[in-house]
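First the structure, in the form of structure tokens, and then the observations on it.
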Amino acid sequence: MSNKNQTIKNISLTEKLMNYLIHGKNIPELPKDAYFVPFSSKDKDLNKVNEELLESILKEDKPVVKAQEPSAKNQSWILTPVNF
Amino acid sequence: MQKKIRKHKKPLLILTPIKPDEKLHEQIGRVPLNKAFTDRISFSVLRNKKNNIRKIQNVSYEILIDEQWEWVVRFDDHGGNGELHRHRRLSLIDEKIIEDNARIKKYKNKDGELTWICNKDIKKNYMAYRSKFLKNSGLDLY
């Protein structure tokens, strides 16, 4: 997947994730400056490149959260701390 | 028989003004956009003790230049009660910032604004914002 395609797809996922973080209930307390790496419920190609992205961010010594998009609209995102 | 039309209402995010004695904490989130790790979206919100959102402070598109994250365009709503504004940085050299609300669609709630920022503005224009900023800064990254 090209850099451009990954960027565009991740911008769309970011919007959904931000809306969840703002509205969602029972959101766990997360470090102030966390990186969220979004994973799509459908797009396997995107998830593959985002897995590589996650690996490279882990080298940055910042708290990283894996954010899995739910498969249904009424479900919550799954936020998994990766390195804290 | 008349056909029933079911209207789905989106929940509104109405932010009441912050009281002076209200204790708030800032939550900053960053979302990297590609595996080259050169672009990201950052957002910061203020939450109260119950973890409810009280203010959307900032949503910005940032790029990595010489191991420093530089914001290129950012959006805020002047304290939660004002209209959504776009702030564009001219370049790394020129400290001038262009503030405008041109072509920003007006929404009654914060959901609509967030969706517009990501899906209608950053997604469509990030490459143009990026190229212009780099060109004005005399840089050629890609």
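Each protein sequence line maps, in turn, to chains A and B. All residue numbers for the first sequence refer to the numbering used here, where the first residue is 1 and numbers rise by one. All residue numbers for the second sequence refer to the numbering used here, where the first residue is 1001 and numbers rise by one. For glycine and all other residues, C-beta sits at the position ideal for the given N, C-alpha and C.
Starting from residue i, follow the alpha helix (DSSP H) in both directions and report where the run begins and ends.
i, result
"I8 of chain A", "3-23"
"V49 of chain A", "44-58"
"N1125 of chain B", "1123-1136"
Just to confirm my understanding: we take residue i, look at its own chain, exclude 5 residues before and 5 after, and list those with CB closer than 8 Å. What are they?
i, result
"L1090 of chain B", "K1096, I1097, I1098, F1133, N1136"
"D1140 of chain B", "L1134"
"Q1027 of chain B", "S1044, V1045, L1046, R1047"
Can you find a C-beta in chain A that's less than 8 Å from the C-beta of residue i?
i, result
"V1073 of chain B", "no"
"L1134 of chain B", "no"
"D1066 of chain B", "no"
"D1039 of chain B", "yes"
"Q1027 of chain B", "yes"
"P1032 of chain B", "yes"
"N1051 of chain B", "yes"
"K1019 of chain B", "no"
"A1036 of chain B", "yes"
Flag residue i as yes if its beta-carbon sits less than 8 Å from any beta-carbon of chain B, otherwise no.
i, result
"L53 of chain A", "yes"
"K35 of chain A", "Contrary to the premise, residue 35 of chain A reads as Tyr rather than Lys in this sequence. It does: the Cβ of Y35 of chain A has a partner Cβ on chain B nearer than 8 Å."
"I78 of chain A", "no"
"V82 of chain A", "no"
"L58 of chain A", "no"
"P63 of chain A", "no"
"L21 of chain A", "yes"
"K42 of chain A", "no"
For residue i, I'd like the list of residues in its chain whose CB is within less than 7 Å of its CB, leaving aside the five on either flank, ordered along the chain.
i, result
"L53 of chain A", "V37"
"E1070 of chain B", "E1062, I1063, L1092"
"L21 of chain A", "I27"
"R1130 of chain B", "I1063, V1072"
"R1030 of chain B", "R1040, S1042"
To which residues of the same chain is residue i closer than 6 Å at the C-beta, ignoring the five residues directly before and after it?
i, result
"L46 of chain A", "K9, S40"
"S1060 of chain B", "S1042, W1071, R1074"
"I1122 of chain B", "Y1061"
Identify every residue that forms a DSSP beta bridge with residue i.
i, result
"R1060 of chain B", "Correcting the residue type first, residue 1060 of chain B is Ser in the shown sequence and not Arg. In the DSSP output, where bridge partners are listed per residue, S1060 of chain B has B:S1042, B:R1074."
"P65 of chain A", "A quick correction: the sequence has Val, not Pro, at residue 65 of chain A. According to DSSP, V65 of chain A bridges with A:F36, A:P81."
"W1069 of chain B", "B:L1064"
"R1086 of chain B", "B:F1075, B:D1100"
"I1029 of chain B", "The identity of residue 1029 of chain B in the sequence shown is Gly, whereas the question assumes Ile. Answer is A:A34, B:F1043."
"K1055 of chain B", "B:L1046"
For the beta strand (DSSP E) holding residue i, just list the boundary residues, first then last.
i, result
"F36 of chain A", "33-39"
If distances are taken between C-alpha atoms only, which option among the options comes closest to residue i?
i, options, result
"Q1057 of chain B", "B:D1076, B:Y1126, B:V1072", "B:D1076"
"N83 of chain A", "A:K42, A:L58, A:A67", "A:L58"
"D942 of chain B", "B:M1127, B:G1138, B:N1052, B:P1020", "No answer is possible for residue 942 of chain B: it lies beyond the span of chain B, which begins at 1001 and ends at 1142."
"A1128 of chain B", "B:V1073, B:R1040, B:G1112, B:K1106", "B:V1073"
"A72 of chain A", "A:K42, A:P63, A:N26", "A:K42"
"L1084 of chain B", "B:Y1107, B:D1039, B:R1130, B:S1042", "B:Y1107"
"I11 of chain A", "B:G1112, B:E1022, B:N1119", "B:N1119"
"A109 of chain A", "A:S56, A:D61, A:N50, A:E60", "What is shown of chain A runs 1 to 84, which leaves residue 109 of chain A out entirely."
"Y1126 of chain B", "B:R1040, B:E1026, B:A1036, B:G1112", "B:R1040"
"H23 of chain A", "B:E1067, B:N1101, B:N1052", "B:N1052"
"L13 of chain A", "B:A1102, B:K1105, B:P1032", "B:P1032"
"V64 of chain A", "A:S76, A:P70, A:A34, A:K44", "A:A34"
"E1113 of chain B", "A:M1, A:N19, A:K4", "A:N19"
"P1020 of chain B", "B:T1038, B:N1048, B:N1034, B:I1028", "B:N1048"
"T1038 of chain B", "A:K4, A:P31, A:D61, A:L30", "A:K4"
Anything in chain D within Cβ reach of residue i, meaning under 7 Å, just list it in chain order.
i, result
"I1122 of chain B", "The structure shown contains no chain D; its protein chains are A and B."
Could you check if residue i belongs to the surroundings of the ligand COA, using beta carbon to heavy atom distance under 7 Å?
i, result
"F39 of chain A", "This structure lacks the ligand COA; in fact it carries no ligand of any kind."
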